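*Asks:*
There are 2 protein chains.
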Amino acid sequence: MEKQQLTDEQLKQYLPDLPKGPLDIYRKKASFDWRRMKLVYDNLNTLKLKHDIWSFMESHPLFKHTEATRVLDDERNITTKRMYTIYNEQFLRFEKIAEDPKSFQAESEAMFMFDSSLAVKVSLTFRMFSNAIQGNGRDHHFHIIEDVEKAKIGGCFALTEVSHGSNAKGMRTTATYIPEKRQFVMHSADFEAAKCWVGSLGKCATHAIVYAMLISKGKNHGLHTFVVPIRDPKTLKPYPGVIVGDLGEKIGLNGVDNGFVMFNNYHLPKEAALDKLGGVDENGDYKTPFRDPSKRFGAALGILSGGRVHITAISTYYLQKAIVIAIRYSAVRKQFGPENATEEMPVLEYQQQQIRLLPYLAATYAMKIFSVWLSFTHINMTISNFMGEDNNAAARGIELHALSSAVKPLFGWTSRDGIQNCREACGGHGYLKAAAIGDLRNDNDANCTYEGENSLLLQQTSNWLLNVWARRSTITASDSPLGSLQFLENVDQLLKTKCPWNSVAEFLEPTNLILTYKWLTAFMLKMTAEKVAKLKSEGKDNFSAKNDSQSFNAVTLSVVYGENYVLNHFYKSALEYEDVSCRNVLLKLVSLYGAFLLEKHMATLYIGGYLTGSQGSYLRDAVLRSCSLLTPEAVSLVDSLAPPDFCLKSVLGMSDGEAYKHIQDSVMTYPGSMTRPEWWRDVVYWQSYAPSKL
Amino acid sequence: MEKQQLTDEQLKQYLPDLPKGPLDIYRKKASFDWRRMKLVYDNLNTLKLKHDIWSFMESHPLFKHTEATRVLDDERNITTKRMYTIYNEQFLRFEKIAEDPKSFQAESEAMFMFDSSLAVKVSLTFRMFSNAIQGNGRDHHFHIIEDVEKAKIGGCFALTEVSHGSNAKGMRTTATYIPEKRQFVMHSADFEAAKCWVGSLGKCATHAIVYAMLISKGKNHGLHTFVVPIRDPKTLKPYPGVIVGDLGEKIGLNGVDNGFVMFNNYHLPKEAALDKLGGVDENGDYKTPFRDPSKRFGAALGILSGGRVHITAISTYYLQKAIVIAIRYSAVRKQFGPENATEEMPVLEYQQQQIRLLPYLAATYAMKIFSVWLSFTHINMTISNFMGEDNNAAARGIELHALSSAVKPLFGWTSRDGIQNCREACGGHGYLKAAAIGDLRNDNDANCTYEGENSLLLQQTSNWLLNVWARRSTITASDSPLGSLQFLENVDQLLKTKCPWNSVAEFLEPTNLILTYKWLTAFMLKMTAEKVAKLKSEGKDNFSAKNDSQSFNAVTLSVVYGENYVLNHFYKSALEYEDVSCRNVLLKLVSLYGAFLLEKHMATLYIGGYLTGSQGSYLRDAVLRSCSLLTPEAVSLVDSLAPPDFCLKSVLGMSDGEAYKHIQDSVMTYPGSMTRPEWWRDVVYWQSYAPSKL
Ligand SMILES: Cc1cc2nc3c(=O)[nH]c(=O)nc-3n(C[C@H](O)[C@H](O)[C@H](O)COP(=O)(O)OP(=O)(O)OC[C@H]3O[C@@H](n4cnc5c(N)ncnc54)[C@H](O)[C@@H]3O)c2cc1C
Ligand SMILES: Cc1cc2nc3c(=O)[nH]c(=O)nc-3n(C[C@H](O)[C@H](O)[C@H](O)COP(=O)(O)OP(=O)(O)OC[C@H]3O[C@@H](n4cnc5c(N)ncnc54)[C@H](O)[C@@H]3O)c2cc1C
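Protein chains in written order, with our numbering: chain W, 4 to 697; chain V, 4 to 697.
1) Within the present structure, is the beta-carbon of residue 584(W) separated from the nearest heavy atom of ligand 1 by less than 8 Å?
2) Short of 8 Å in beta carbon distance, which residues of its chain neighbour residue 291(V), apart from the five on each side in sequence? Order them along the chain.
3) From 131(V), 125(V), 200(V), 275(V), pick the residue whose C-alpha is nearest to that of residue 189(V); which is it?
4) Whose CA, out of 178(W), 174(W), 287(W), 312(W), lies closest to the CA of residue 131(W)?
5) When you compare each of 117(W), 109(W), 445(W) to residue 374(W) by their alpha carbons, which one comes out closest?
6) Which runs of the alpha helix (DSSP H) at least 4 residues long sit entirely within the region 638-666 of chain V? Give them in chain order.
7) Against chain V, with Cβ distances strictly below 9 Å, would residue 250(W) count as a contact?
8) At 8 Å on the CB atoms, spell out the chain V contacts of residue 37(W), in chain order.
9) Counting Cβ pairs, one atom from each stretch, are 3 or more of them under 8 Å apart for the region 430-441 of chain V and the region 239-258 of chain W?
10) Between residue 4(W) and chain V, is any beta-carbon pair separated by less than 9 Å?
11) Taking 8 Å as the cut-off, is the beta-carbon of residue 83(W) closer than that to any non-hydrogen atom of ligand 1?
12) Would you tell me roughly how many angstroms separate the C-alpha atoms of residue 236(W) and residue 362(V), rounded to the nearest one?
13) Report yes or no: do the region 322-340 of chain V and the region 415-433 of chain V share at least 3 C-beta pairs separated by less than 8 Å?
14) Is it buried or exposed for residue 684(W), if we count other Cβ within 10 angstroms and need 16 for buried?
15) Quick check on the DSSP output: the beta strand (DSSP E) that includes residue 198(V) runs from which residue to which?
16) What three-state label does DSSP hand residue 156(W) in the structure shown?
17) Pull up the CB-CB distance for residue 402(W) and residue 465(W), whole angstroms please, since I reckon it's below 8 Å.
18) Strictly below 7 Å CB to CB, what residues from chain V border residue 263(W)?
19) Counting only runs that start and end within the region 39-122 of chain W, where is the alpha helix (DSSP H) found for 4 or more residues in a row?
20) With H, G and I counted as helix, E and B as strand and the rest as coil, what does DSSP make of residue 6(V)?
21) Measure the alpha-carbon distance for residue 534(V) versus residue 24(W) and round it to whole angstroms.
22) Which residues in the same chain as residue 218(V) place their Cβ atom closer than 6 Å to its Cβ, once the five residues preceding and following it in sequence are excluded?
23) Cβ of residue 702(W) within 9 Å of Cβ of residue 198(W)?
24) Would you verify that the beta carbon of residue 167(W) is, or is not, closer than 9 Å to some beta carbon of chain V?
25) When we look at the beta-carbon of residue 688(V) and count the other beta-carbons within 10 Å, is it buried (16 or more) or exposed?
26) Where does residue 222(V) fall in DSSP's three states?
27) Alpha carbon to alpha carbon, how far is residue 409(V) from residue 644(V)? Give it in angstroms, no decimals.
28) For the region 322-343 of chain V, which residues have a CB atom closer than 7 Å to at least one CB atom of chain W, in sequence order?
29) If I follow the unbroken beta strand (DSSP E) through residue 555(W), where does it start and stop?
30) Bridge partners for residue 435(V) per DSSP, in chain order?
31) Going by other Cβ atoms of all chains shown within 10 Å of its Cβ, with 16 needed for buried, is residue 96(W) buried or exposed?
32) Indicate whether the contact test is met: 3 or more Cβ pairs, each with one atom in the region 598-618 of chain V and one in the region 597-607 of chain W, closer than 8 Å.
33) Out of 272(V), 359(V), 669(V), which has the shortest C-alpha to C-alpha gap to residue 3(V)?
34) With 7 Å as the C-beta to C-beta threshold (strictly closer), list the residues of the region 676-688 of chain W near chain V in chain order.
35) Check distances from the C-beta atoms of the region 185-208 of chain W to those of chain V and list, in chain order, the residues that come in under 7 Å.
36) Classify residue 145(W) as buried or exposed, calling it buried when 16 or more other Cβ atoms lie within 10 Å of its own Cβ.
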């Protein structure tokens, strides 16, 4: 609604004209306004916020781009300085997030689009740490949050250990309570019990949220959180009893100093325990507001769901950048052409190039719209939980947990595959570091692992779905406030249906694709439930039965459940969008996204009897048809997704479309590119170090 | 045959015992001897050669591994020094290759296992350059080969231009003949016509093989090769008229100095033309032994097929390393476990972990056996061509071209996906640079692009297959000396058959899987031919009809054709292998490989009517069943594939299985890991550069 009221002038204020150049041919073909397309997920407020942050960065010398990769230590140094510099600007004060929850993601987007390490550091040092205290701490802890907010101290979040990550219950860091001293003694038995992978701990953090086994009176009460001083904020030297170090180089995100820490009988005041949800009293007796201790554990880990929601967005940012680069380049890269043609064809015109890129363009839109909504929903839920306003908070929380546990892996993997396609679709030049796709792949890679290894996270979702299936006859709308269980509506009836369509046009119709997805989701759930039941009936215990129904079943089920939700959400958002020309294009993207996803599950559609004969070939043709229908729109669609050029930092993807000029600039100015190496004698006089035997 | 005669003592000489440790549990489970398994592709000679090279490297200070990534220039420097050092040892003299063609791949394996940049540099500087002269040059050129062999000069291979890569016919570097001077003038009109991506040209090469348009008497005779002096071998300074530089950082392979070069009316003696296959005479009149000029072009490019054969092997090396790392780590990484168990389970025991790794283990064996054979076959062909011994050389050459154009992309992609699975399967620690999987991914990435962009290369194969299809009734065995067209045997009959199997056991039977592949290959070809015909009948010209049948058709067809060949070859090799216990395991790997591949094409099997009902679910169960059957063999299977630890350089994959100890060593010794950063004041006194606004 607000959107319709925005004038072109308002939009142009934050989205200036794009430079003229070789991309104009495609830009003229587009049937919609790229600025207005942005409003399907942005609003004036978010546009302004991003614009402000980017303008600041662009004008600040610390944010200048350099050609050559820095050595590790310099990369950490500059990332740290950028972190304080940007934090200091306070572009988004806490109060503003409640006013417009979308602003949270806009700020994150602005930072990730510039540099992912910077964004991750900001989030670890300030946000995740404070959130943990907010969620698990009590009044007397809140002064710590103030210190972080003033950046007097810097936080980090230490859950993972060297030999235990996914299996949090197996962790071995201990915090033993000593009533006489009112102290905890924190200890790591060996290197395998060291906390590790902790972002920002390697070099910078002064404090850590540490998960440790709380032991009191000889009893282990399980994992609890503590806020633990690591380094002296005045000198950055570790405190005695703390052995802390850096993990060294990683595949990506090298601006972030991931570290490890071991505690050697390190004494902490009783107040170090973040014990709102459970802990010991002065005497060491255990107290918790929860009757069922497993609930406490769940609630304590629940704090992580915000992380998954965030990663859903982060994966989208990476794919967003990659698809912009690959599509712009494909529009200007020409190669081959019809027999007697004077000009070669842009590679974007080739079918195989289209099928590598356009489905991921559609996916990017689906993901962008969804992840903005998910973040918005999550923040609103947090606020209303806080206010006690939501009378269905528990169900909503559980569903969000299940949904985000499905969508975080789904998006991480979609980005992984999409970025890889973008890389390859750029041919040789895509292999240049300066094309910027390699770094996106390396950074996104972490999304598949942290905050829950993808394959494992999906089993959180499938476990919930299996429970739901068992009681499906009693499920009501209030069990699914987010609507993710709608596919269970008349499910037994639904599963008896067969696909009635026999033309490409029918397989392009969004409602048909959506109906097919509904069937697929229901079938996957039924099939998985039956497999687990069969294994149990053959005598397997629950643990084995679940393990032996992971592949092709539980894991795929959760992916499909996530896809189903995202597809439905995409369709609804497209349908509701006011601007007619944008809406038409969005609906074409919905068709492509739906057909593309279904094509990957086609074998299952056949196995389940939904498809028969050669029906599937129409679905494939539908994918190809939508790709070619969307080709004329592709450049404007990525213009709408693109960050400013200085953020994209890709010689292939600049908005002026002058890829070759940027390659030339880049290679000619690369330090030392045109000079003889200093070690030229090692070539000419190689026999000086390798005496000839010839 | 020779294999059977090798004693255990002989094998142990080159394959010493593996250190005891946590991997022993799995090693004891294996049903075969890991040393003897090596002989399915190695022989005593190749084992010795690799052993000699590795022993040399291990003892030489230049080949010491350092923890931290070097800056670009240092990386180039050390790679160059290693290149001359290893070259100087002359581990494999030319004559030896003819004696045992397998030794060529063994040498390449030894180098790639240590460092891919080193191996690539050796191959570019010495081999590819000389091969081009050998293939296109005449007697008076051969002194140049001698100079390279003595390493007095260093070569490189310059085909690609900034704006033209795949479309070689569109290249714009010109070599204009001036009869008065008996000279060519080589010229690059602009940066877009610069030669680029040329490996070893950035810093080192003194000479280049340059592909340029030969112009004489105002006529363009198309692309021809020239041997062009670039830098003075005494000073390494470029000659006047040559503008040469480095492309800067790449996604991977950063020890290789890929460069660009522009020629500014650069004069070359007439002898610079490598004109065996065509060129101008003194007067500038064009002469060629070919009647049909397109044949000359084909023959000139034909020189590249050796490159594709080599990349088939290179992709295999990378996957080989990755799978060793991931499987060894999965065998020692424990996480979760049955309810009251005292110990957690190795993650290798989980179904989802198995399905991510074991199919790629099977693929590695299939690829290894195939690529050794392909290289062997290619060298034999080259030798017998040279000797004029092969009376079916043309057909063999064409088939090898088609097969290598299918298998190079297939292997590049299999490695891409396999390495990525290995990366993710190692969880958080897999993201460490020191895990070594990230670099494998980054290096392998180039395999999908160079020597023919994967998607495009596949169309070379499909074009040939479509031609074959048109004349299928007249095809005889002599059209397919390598047997890759065997799937056309009784093809019309074959395509009428339906899958008769309805049990997991039947879908595990290699011969059934092979029969299914035969059907699939034939069906893909028929479907593609029909699609092209339909498009033409709708009025499309050949260019458009081919373009519009790329996806789901031509491209997939070639992949399937390649897979079919590799699967058959794998099965035959397994069946023929003398050692019974090894053979049994190899046959299980064949089942897994076949079922895994078919599962990906299941939708097509349904569309074509081969599968009906829920038959496909047996195929999926067959994949799962083979994975679990092979789990006890997995560690010994990778022991057999593994290079020595100092080549693997992975904290997770060492043969002692002590992943945590190696992580500890690595992080504790990483330069600066335990010290306060020099820039600690930027954390503590951040307000000095970002004055507080709070
Ligand atoms: C860049 C990065 C930053 C990080 N930052 C932080 C941080 O700030 N703080 C922090 O505490 N941690 C952090 N981590 C750690 C991260 O959260 C863990 O690595 C992650 O949760 C995965 O756990 P893991 O490493 O134990 O994987 P593992 O559980 O060891 O996974 C290894 C393999 O085993 C499989 N597997 C394990 N159990 C099962 C099962 N039951 N069934 C099937 N398969 C199974 C997994 O699927 C995976 O394939 C970070 C990690 C990275 C890479
Ligand atoms: C690490 C590395 C080393 C190299 N070393 C050398 C070297 O030593 N010497 C040398 O000469 N070159 C070298 N190259 C260059 C390499 O050979 C080319 O990059 C490669 O052949 C791909 O060509 P391209 O870059 O023109 O890709 P493009 O043709 O530009 O490909 C871009 C995209 O367009 C698509 N496309 C193009 N035409 C069509 C079509 N007709 N139908 C469908 N899709 C199409 C491609 O599939 C691809 O997705 C190297 C490259 C790399 C990355």
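Where is the CB? At the ideal position from N, CA and C, for every residue including glycine.
This one's a predicted model, so the numbers in the text were calculated from it and none came from an experiment.
*Replies:* Let me lay it out:
1) No, ligand 1 has no heavy atom inside 8 Å of this Cβ.
2) Excluding residues within five positions, the ones whose Cβ falls inside 8 Å are 280, 281, 282, 299.
3) 275(V)
4) 312(W)
5) Answer by Cα proximity: 109(W).
6) 648-651
7) Cβ-Cβ to chain V under 9 Å: yes for residue 250(W).
8) Chain V residues near residue 37(W): none, gap ~27 Å exceeds 8 Å.
9) yes
10) In this predicted model, residue 4(W) has a pLDDT of only 39, less than 50, meaning its place in the structure is not dependable; the value taken from the coordinates is given anyway. By this cut-off, residue 4(W) is not an interface position.
11) no
12) 51 Å
13) yes
14) exposed
15) 198-202
16) coil
17) Residue 402(W) to residue 465(W), Cβ: 14 Å. No contact.
18) 670
19) Annotation note: the region 39-122 of chain W contains the following uninterrupted alpha helix (DSSP H) runs of length 4 or greater, listed N- to C-terminal: 47-62, 75-92, 97-102, 105-117.
20) Residue confidence for residue 6(V) is low, a pLDDT of 48 falling below 50, so the modelled location carries little weight and cannot support an answer.
21) 37 Å
22) 177, 179
23) No answer is possible for residue 702(W): the residues shown for chain W start at 4 and end at 697.
24) yes
25) exposed
26) strand
27) When only Cα atoms are considered, residue 644(V) and residue 409(V) end up about 24 Å apart.
28) 338, 339, 341, 342
29) Premise fails: residue 555(W) is in no beta strand (DSSP E) and is neither H nor E.
30) 253(W)
31) exposed
32) yes
33) An answer regarding residue 3(V) cannot be provided, because it is not within the stretch 4 to 697 covered by chain V.
34) 676, 677, 679, 680, 682, 683, 685, 686, 687
35) Answer set for the region 185-208 of chain W: 194, 195, 200, 206, 207.
36) exposed
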